[in-house]
Structures are given as structure tokens and as C-alpha cells.
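Just so you know, the sequences run in chain order S and X. Residue 550 in the working numbering sits at position 550 of the first sequence; the count goes up by one each step and never skips. To convert, count from 1 in the second sequence and add 780; that's the working numbering. Here's the structure we're looking at; comments come further down.
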Amino acid sequence: MNKDVEQSPAAERSDAAEKLFSCMCSGNCQSRCRLLVHVRDGRAVKTSMAPFPDERYNRVCLRGLSHVQRIYDPNRLKYPLKRVGARGEGKFERISWDEAIDTIVTRFKHYQQVYGRQSVAFSAVSGSEAYLNGAYSSFRLANAMHATQTEHSLDMSDTHGLGRVLGTGNTWNQSNDRADLVNAKTILIWAANITDSHPHDWRFVVEAQQKGARIVVIDPRFTTCAAKADQWISIRPGSDPALALSMAEVIISEKLYDEAYLLKHTVAPFLVREDTQRFLRQSDLTGIVPEKKSPDPYMVWDSAANEARILDLVEKPALEGAFDVSGIKVTTAFSLLKKTMAAYTPDHGGRLCDVAPDTIRNLARLYATNKPASIYNGFIQYDNGVQTGHAWGILAALTANIGKPGASVGHIGRVGHDINFAKLFFPEGRPNSKLIPWVYLKEVLKSGEFRGQPHPIKALYIYASNLVCNATNQNEIVNTIFPAMDFIVVADMVETDTTRYADIVLPVCHWFEMIDIVQGPFHPYTAISEQALEPAYESKSNMDIYRMIAKGLGLGEHFDYTDEEFIQMLLDNDTARAEGLAWERLKEEKVIQTLPTCWVNWQDNKFPTRSGRMEFYLEDPKPRLNCGVAIDQSREHLPVFAPPIEAWPDNPLYKKYPLVYHTVRQRWRLHSQWFGTPWLRELDPEPFASINSKDARQRGIEEGDIVEVFNDRGHVVLKAKLSEAQRPGMITVPKGWQRDQFIAGSYQELTHDYVNTTSYNQCFYDVLCEVRRYSDAKAG
Amino acid sequence: MLVDITRCIGCHTCAVACKQGNNLPKGISWNRVLTHGGATMDTPHGVFPNLEIQYLTLNCQHCENPACVKACPTGATYRREDGIVMQNYDICVGCRMCIMACPYHHVRSFNADQPAYHLDFPVGDRQVKAQQKGTVSKCHFCHHRVDEGLLPHCVEVCPAKARFFGDIEDSGSAVSRLLRAQKNTRLLVHHQTEPSVYLLI
């Protein structure tokens, strides 16, 4: 080699023959990669990795490099369609945009007049996370119409559990920047398959490992990151909260906790009233309830004075103990925690998790002593996710593994602090649209009520989402929810499992055919996504579609803005101005840094909870969303192990369906996006059910056999792949394939739509099934 | 080129970058990702829970003593001064002697038919030469990029930062430094072709 080109400069530039545009890959992997889109003769011919100012955040993956085939996908919807056959039959006829919009406007007007303004519902998930034309694009119209919106009910159970401890609520803003992982000495990768789902974070883990950090992967399956880790702990599917609680027991009983941190930054010393389960406050003793905004100080136990005193007045409150304060029986929150955790000895936790007790002891010791330690967790897909998240918060609080470089817990989501969503979303200055969790929609349709008020819904407008493919219990969606709708519109880029059920199908632009603005969270930048291409065929941007609908509904005044004017509404706030985040500058520079690199959350140990501390004890646990359904608070002050709602050996159903069913995310698709991309299908041509050889042998299944995976809700038929990576007793089927890519059925027929009224979350892995050779199934 | 297989996560980003950048026809891959483990892709070796899996990317090894060059009757396969082993489609007669001579499996591809594509216009780098029916094609380290001071596609995009490209004769280069610091090997050295692709292990 005579050239040394180790440093790849961003040397590619636009010229007369090839124009380059700065665009953002805006999917819900959330990596938000910056891409250069290369355009020759008006056509995209290549996407390439575009640099961020700090090289550590440069990133692209196999999907980002396949956009050319998504833009020119043979499944691309070319023009508006109306249904001519039965719903789901897939028979459509081309119509004009005028006819499509007229039909939608006439129907929407009719339903709103007859059944009330809430009778039209918009439903999006995460088809694009760009701020203007992505999955939030209907918010302005929905609020102008006073329409209903469905909330996605995804990835929110552990988020809620940990979010209640941190005070972060319905956001994912919990962890440090992922680049900060290099500062950790211990990293627990828990229920996350980073190498498939967030490959760009892997380099930070490796860097930490090369500096001597210990990497432990907690996952039932042997994933690629399990193979690369220093230790892999295969737990029984759905036993995650038991492992976390048992670790907490070890940390408490072996006194490995950080007492100073607990006293200063958590509710550990707060006194919990035995009668009300709430924290003891000054007003409980004085009888004088303070004015609304005045503080009502928390009381703690002053051992020196042998009395309860106001928190701020006590230098070192008691960590443990039960006391009588003027006749009120109280116990410190830490003592309650200790008592609750005492049940989860490593012996008991080990039985629940199917791991050796010493493995739990050593894991707890490692996390508590080899600091700083970070928990890089995925989303818990079982009904007990809330408890898992809550327990993770307890682990971080006990060990002070939070608020420092290398010490972090939870999901990443520090975005939007400099975005004025309200100005764009609420044209009348206030939210007018009711939000119904997707998992609760069936209940609303059945009862006709929401929060005790009549709430009929007659029309569903689905966009940025392939619901039929991605939401749980497919047969219930198509056989119960859809038939309850008089009218269904689906706006998408390509034909999907969902467009088949539409009455009207609208063709939407690819991301690079419209302008937008995109932020992290997996990098600290805000970036423009330029319009590199003219919309293909007759496709339109989401906002252009809403402009037409709004005009027809007489709401045109709210949409008399260009996309750039809408984006400027988002940037109209003091934080953005202080950061220099301005649209003109973004157009010029393409990328603006809006967060520090390697940022650390909670460095000041001030948490957005009521007390400002980590509230591992919840005095007033609330459901994630208010659907007017009360929860049993007594079960949620502290986490206890609740088995998964279905996927657990004690479930009688287990005798009939002894395999836990995981529908896993793989690098070949993003949810269902890229399902038909030819380059990726060359590498990953068809779905496989992965089974451990032991389970396969018992059922006479061999490599490549066509098998039926089934339960009482439905089935999927596909080839079997024998893989020791699967823990015996479980089966995995990759997610995102469309119905016609399976031999029969769909992977999503098997999942259930049980409603947990605390988390309102779809729990994809909390599912039991059985598998048999398809030839046997057909033979009956 | 140097590939750190301890870092490689088998994500196939390199394979797709190559496919796009070099506008490879349907079914042709110059850079493949092999599973070193069980019988099929992404399956480990061993019995649960005692398992192992590694990934190995395989492209033309750009040998210093290339068997393919010696075997080529027309000079279509030749070695550039900087070490890149090239393939000239215009004078390749499709005899496939190079494929026979090469000790590495499937790093060279033969276009038996007219190359077919998923799209009806060329994608990727504009400098890429159109592949021809009846000729052999293979990785050329993205020579057109190297000549402009850019990294080969597969190296530039690697999310795991497992791929490196540089001058091994320059003792200060990153590849030289890494080779000094970490245990490494090359594939099938007993064939004495002196491959230029090193693996950190």
C-alpha cells in the first residue's frame, strides 16, 4: 500500500453530475444516523454515512445503506386507492387525490356531526421519528379537529416502573449518553441485544471492555453480545424482576449500599405512615394544611434528638427503624424496602430465575462494588415490566450508580428540551384531543365510553404505522377492532399487512422526499433532513395530506403555513435560541450540537419527582395513563415479583403450550420496515422459527422442516432452524415479516392484548405456544 | 486491510455497503460475513449453555503472491503497484482459472448470465465499471475511492469499528500499530500467497 487513508475525510462533494443532500434516517431504532443522499439525474443512487462534528457519533447500518431500494421499492404505493373488495381481500381501484380527500372529508364531517368530534381517531406509532412529517404529523390536525388519538402502548412498562422512581414519567430520558458507557467499570446489558438493535453503541461497550470493564449480558438467549461479553447469564424468560429484586436483597443484607447517598438523594429516610402508606409530613403533626403552593416538609427521624423532625433540620436522619410520632406509627422507607426485599434471597431468586444463587450474589456484588456501573437495558416485554423497571431504580439508588460518568440506568431519551411541540401541535393553544392507549381501544369500542363519558369512534386514520403486522393479537385487530370502524384510512409508503384493511389508501413520501428536522437521542445533535428528491409517483408528505383534509373540514387557517414555517414554530423557544438552534443556521450547517457530548444525566442529583429525590418507595403510585381505571396502590409502593401474565410455568396453560414465544428484533428489518428490501432479502431471504435442538428432537423436528407455531389465538407457519442459542423451553420468530412472507398465518397472531391497567403496554414476549411439524398439523 | 474479529458483530453493514457502492448484480457479494459457529447463519457452536460464536468477513485477500494472477491467461487479473489485486472485465475471457487457483472460497464471482439488478438504473459510485456477462468480478478494495483518498466502503461504515485500512509498511500507521499490539493471523497462509488481509483475534 502506498497510500495511508486511515482517516476517511468527508471528501465527497456535490458536483454537476451528482448532488449530495444531508438527510436523516428517521426510523424507530432511534440511532438517527445522518446520511448523504447521492442524486444523479433526479434519482437517488446511493446513501452514505455523513459525518457528525464528533467522529464518535458517526454511524450507519445495513438498513441505512439500503434506502435506494426502499425509495424505489416495487411495493411502493403509487397513487390513492379505494377498496373495491371486502376488507382484507386486497382489491383496490386507483382514484384521484381529489376523490380520496373528498371521501375522507365527507366521512369525517358526517361522523363528527352525528357521533361527536371524538369519533374520528388518528393512530400512529413510529414509522418516522422526524418531528414534522413523521409519527407526530397528525397531532396538529387531531387537535384542531378535537379528534381522538391512540397512544402506541409500546416499550412503556419498565419505562414507567423506572420513570416513577426518577420522576421522568412517560419519557425515555433516564440514562446517560451512550458514549458515556466507556467510563463504566461494570456494564450489565439486560434484556437488550445491542449488536442487532443498536449496533452503534457496541463500540462504546467494547471500548469500556478494552479498558478493563466487566460486561455481563442477562438474556435467556445466547445473543451476539452475550458471546462477546465477559459473562452471560441465561435467566428464565420473564423472571427479570426476580433477578433485580434478589440482587437488591444481597446488596442490602451484605450492606453493600451507599448509605450517604440513600440518606441525601433518595426517600430512604422518609417516614412512611402505617395507616395511609404515605410519607409523614409536617402537616400530619400540626394539623395545618399549607396553602397550595407552600411546602409541606417531609419528616425524618432524628436519632440524636429521639424525635421526628423536618428533613432540612436533621443532619443525619435515621436510615432504619419504626417509630411512633405523636400516635402515628411510621417506618422509614428504607426499612420497608429491606423488609420487602428480604423475601428475595438468592436461593428464592435463583429458583425463579433458574440460575445458581451464587451467580446472583456475585452479580450483585459486582454491580455494587465495581463502580461506576451502568445498566444498559432493553424494553421488558412481559406484563411484569413495571416491577422490573422499579427494581432497576432501586438497584441504582442503593449503589449510587447514577448521576456520574459511567453510572447510569434506563433508556435514553434526552430530546425535545429545545423544541416547542405545543406551538405546532395545539393550534388553539391547548390540547383538545383525547389520548387512548392502543391496548385500551378495544375496551372503549366495546363500552362506547372513555373515562366515564360516551366516546364512540367510527373512523380510524392510520399512518406511520403497520399496526396489523406490529401490534399484538392480530386476529383481534382485524376481527374485532377494524369491523367496529365504519371507515379506515391507511397512509403509507408501501403496501403492508395494514393497507389491505383500508377503505382508502394514501401514498406517502419516502423520508428523503420531504423536508424535516430530527434530533438524537443516541447522539447530541439536531439536524435538518433535506428534501433530496421529488415525491415519487403521486405520493405526498403527511403534512400536505393534512393540509388538504383540514381545508375540506374548514380548518384551513391552521394549516396555512409551509413546512419551513411549521419547523420554525418548533424552534420558537428560548432554549433553542440560547443554543443557537435556528432554522436558517440549520439549513446552512445541516447539524447543530444541542447537547454536550458524553452527557451525564442527574449529575446534580435533583430528580423531577415530587420530593426531588429518587423515590424508590412510591407513596402515590399512579397508572401510566389516565383511563379512569383505578389501580390497587397497595401492591405498587414497592416492587414484588409478579410472574408474567401468561408465560410462566405455574400457568395451567403451560401444560398445553410449554414454550415461551419471543418475536425478536433482528438487524434485517426495523420493526416491519425494510421487509421487502432486495439487498437485505438476499442475505435474509425468509423467516425461521429458531428452536433448541432438545425441544426439536422431542417433537421430531429437523433443520429446515416446515413447522406450525401455534396457540389458542392463532398460528404461523415457517421453516425451523435448530439453534443452541435458544434456551430450551422457548422459541423465537423474527418480527416484521408480512403475512405473505410466511407459509401461513403471521407471527403476530399468537401474541395477546391483555390490558395491564398500570402500564397500558403491549407485552410481546409474555406468550406461550407449541410447535409441530406442519405436515402433522395438516394431518390433524 | 485488517479486521478485528473480536469486535465484529456480524451485522453485515460492510456487505451491504459493498453491494451498494459497487453496484453488485443480484446474487453477487464481494464481501461476505460467515458465521464461525453452528451449521447456519447466526447459530453458535456447542450445546446450550456452553456456546461460542464468531463472525468472519471474507473478501479478496489481495495476496502479495496471488495465485489468481499466475493462473490468469489474459492478464485480466493483475496486481497494482500499491498491492491491490485488480480484475479487468474487458479482457477477462471467463475461463475461471483464477477461481480455481484462489485458495479462498467465493471471494470471486462469475457472471454466467447477463448481470441482473433489482433496479433499472445503476446505483452506487459513479466510477464503478459495469459488470459483464461471462466475466469474473471481485473486491478491489474500492480502488476508485482509495485513489481519491477515501476508505473502502466496508471499512468506512463498520459500526463496530472492526475494520482498518492502511499501509502496513508504514510503521506509524494504525494497521501497523494494531498488528504490533494485538494477536493476529491471516487465512490459509500455508498456500503461501501472502494475503494482505490480517485478522486480529
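By construction, the Cβ of each residue, glycine as well, lies at the ideal position given by its N, Cα and C atoms. Only a predicted model underlies this, so the values are computations on that prediction, with no experimental measurement involved.
Query                                                                                                                         : Result
Through-space distance from H523(S) to E588(S), alpha-carbon basis                                                            : 20 Å
Contact list for S246(S) against chain X, beta-carbon separation under 9 Å                                                    : The contacting residues do not exist; S246(S) stays about 19 Å from chain X at best.
Straight-line gap, C469(S) to G85(S) (C-alpha atoms, nearest Å)                                                               : 21 Å
Interface positions of the region 817-829 of chain X facing chain S (Cβ-Cβ less than 9 Å), listed along the chain             : G817, G818, A819, T820, M821, D822, T823, P824, H825, G826, V827, F828, P829
Buried versus exposed, by CB contacts within 10 Å (16 or more), Q894(X)                                                       : exposed
Under 8 Å from the C-beta of C598(S): neighbouring residues of chain X                                                        : Result: empty, since nearest Cβ-Cβ is about 17 Å, beyond 8 Å.
Test: K918(X) CB closer than 9 Å to a CB of chain S                                                                           : no
Proximity test, I592(S) beta-carbon vs the ligand GTP heavy atom, cut-off 8 Å                                                 : Looking for the ligand GTP in the displayed structure turns up nothing, as the structure carries no ligands at all.
Chain X contact for S690(S) (CB, 9 Å cutoff)                                                                                  : yes
Below-9 Å beta-carbon distance, W737(S) vs any chain X residue                                                                : no
Pair within 9 Å by beta-carbon distance, R40(S) and A17(S)                                                                    : yes
Cβ neighbour criterion (16 or more within 10 Å) applied to S8(S)                                                              : Bear in mind that the predicted position of S8(S) carries a pLDDT of just 46, short of 50, making it unreliable; the figure below should be weighed with that in mind. It is buried - the Cβ of S8(S) has at least 16 other Cβ atoms within 10 Å.
S22(S) - DSSP class collapsed to helix/strand/coil                                                                            : strand
Any 3 or more C-beta pairs closer than 8 Å across the region 700-715 of chain S and the region 525-538 of chain S             : no
Unbroken alpha helix (DSSP H) run spanning I545(S), endpoints                                                                 : 542-552
C-alpha distance - V969(X) paired with N193(S), whole-angstrom precision                                                      : 35 Å
As assigned by DSSP and simplified to three states, the class of T793(X)                                                      : helix
Continuous alpha helix (DSSP H) assignments of at least 4 residues falling wholly in the region 163-231 of chain S            : 194-197, 199-210, 224-228
Neighbourhood of F944(X) by C-beta, 6 Å cutoff - its chain only, sequence neighbours within 5 removed                         : L782, A954, V955
Min CB distance F890(X) to chain S below 9 Å                                                                                  : no
Extent of the continuous alpha helix (DSSP H) to which G349(S) belongs                                                        : 346-353
Chain X contact for T757(S) (CB, 9 Å cutoff)                                                                                  : no
DSSP state of T437(S) mapped onto helix, strand, coil                                                                         : It is Pro, not Thr, that sits at residue 437(S) in the sequence shown. Of the three classes helix, strand and coil, the one that applies to P437(S) here is strand, per DSSP.
S956(X) - containing alpha helix (DSSP H), residue span                                                                       : 954-961
Counted within 10 angstroms of its Cβ, other Cβ atoms place V114(S) as buried (16 or more) or exposed                         : exposed
Any C-beta of chain X under 9 Å from that of Q762(S)                                                                          : no
Beta bridge counterpart(s) of R34(S) as assigned by DSSP                                                                      : M24(S)
For V903(X), the three-state DSSP class (helix, strand or coil)                                                               : coil
Inter-residue Cα distance where the pair is E646(S) and K423(S)                                                               : 43 Å
Through-space distance from V505(S) to R94(S), alpha-carbon basis                                                             : 9 Å
Interface residues of chain X facing K721(S) [CB-CB closer than 8 Å]                                                          : T820, T823
Beta-carbon contacts of E129(S) that lie in its chain and below 8 Å, excluding the five residues immediately before and after : S26, G27, N28, Q30, R32, A135, V518
Proximity below 9 Å, CB of Y754(S) to CB of D383(S)                                                                           : yes
Helix, strand or coil at E724(S) according to DSSP, with G and I counted as helix                                             : coil
8 Å contact criterion, which H265(S) and R613(S) should meet: CB distance rounded                                             : 6 Å
The region 850-879 of chain X: positions lying closer than 9 Å to chain S by Cβ                                               : E861, D862, G863, I864
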